[in-house]
């Protein structure tokens, strides 16, 4: 089975400071993997390296079997960055922002019937079909996040990469996100997320990878199926670790 994302001993720096210190990670087709850890642990840097925004200084990072430095088929990748306004202050409707997700497939050609259908489908999945003609500037923070998710989904990617999609999002939008990811996983879309806590996404996660100081501290398989597992991810102190650790929890 082809590995969708593979990081083998990957290192990366920001401003000359080591941030990733030999990360090993794999995401397979139809699998949901969550990166957890305290602030500064390297979670966001890891996903930004996957999408080519942070250069890798060592190790090997591949997308669909191709080294990321040579990967060109970005239409297969849907990326939702950290919380931001959907249009960055530029007047635009919800539909216009979501439609931008088709550009990688259309190469600036006008949208056709299939493109418009994909946009409608993505808007319906995130519960914004009735707001399509409204300005994104009129939306709440949680609705902005839904727009960004719909923009990524409308490109019909094979892998969806999301950086802290639950941050500052209301409970209704969190549930919409969970439902959207459940639908995507049902179509064998792979998912890689950066999270501070699993929250309503916990039942969907196949593997939780806890980072600390730019390294993989531990991996928990099927965290949603572990009895007594909670939903936050603050790593325990070193003296709390055991040979067979479980996913500890706490508020960051």
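In the UniProt record's numbering, the protein residues as written are 1 to 252.
Cβ atoms here follow ideal geometry from the backbone N, Cα and C, with glycine treated the same way.
Anticipated Cβ contact below 8 angstroms, residue i with residue j, distance rounded
i, j, result
"residue 42", "residue 214", "4 angstroms"
"residue 195", "residue 149", "Going by Cβ atoms, the distance from residue 195 to residue 149 rounds to 14 angstroms, so no, they are not a contact pair."
"residue 166", "residue 182", "Not confirmed; about 15 angstroms, so no contact."
"residue 157", "residue 78", "3 angstroms"
Cβ pair residue i, residue j closer than 8 angstroms
i, j, result
"residue 193", "residue 12", "no"
"residue 159", "residue 23", "no"
"residue 68", "residue 52", "yes"
"residue 50", "residue 61", "yes"
"residue 151", "residue 128", "no"
"residue 102", "residue 180", "no"
"residue 98", "residue 125", "no"
"residue 54", "residue 10", "no"
"residue 19", "residue 45", "yes"
"residue 216", "residue 32", "no"
"residue 104", "residue 74", "yes"
Per-residue burial, residue i [other beta carbons within 10 Å of its own, 16 or more giving buried]
i, result
"residue 14", "exposed"
"residue 8", "exposed"
"residue 184", "buried"
"residue 65", "exposed"
"residue 164", "buried"
"residue 221", "exposed"
"residue 208", "buried"
"residue 133", "exposed"
"residue 223", "buried"
"residue 186", "exposed"
"residue 37", "buried"
"residue 130", "exposed"
"residue 218", "buried"
"residue 206", "buried"
Coil, strand or helix - residue i by DSSP
i, result
"residue 101", "helix"
"residue 27", "strand"
"residue 32", "strand"
"residue 51", "coil"
"residue 58", "strand"
"residue 16", "coil"
"residue 67", "strand"
"residue 44", "helix"
"residue 191", "strand"
"residue 216", "strand"
"residue 163", "strand"
"residue 178", "helix"
"residue 173", "helix"
"residue 10", "strand"
"residue 96", "helix"
"residue 155", "coil"
"residue 208", "strand"
"residue 136", "helix"
Short CB-CB distance (under 8 angstroms) between residue i and chain D
i, result
"residue 119", "Absence of chain D from the displayed structure is noted, only one protein chain being present."
(message) With three or more beta-carbon pairs closer than 8 angstroms as the criterion, would you say the segment 164–184 touches the segment 88–104?
(response) no
(request) Determine, using beta-carbon pairs with one atom in the segment 109–117 and one in the segment 126–143, whether at least three such pairs fall under 8 angstroms. (result) no
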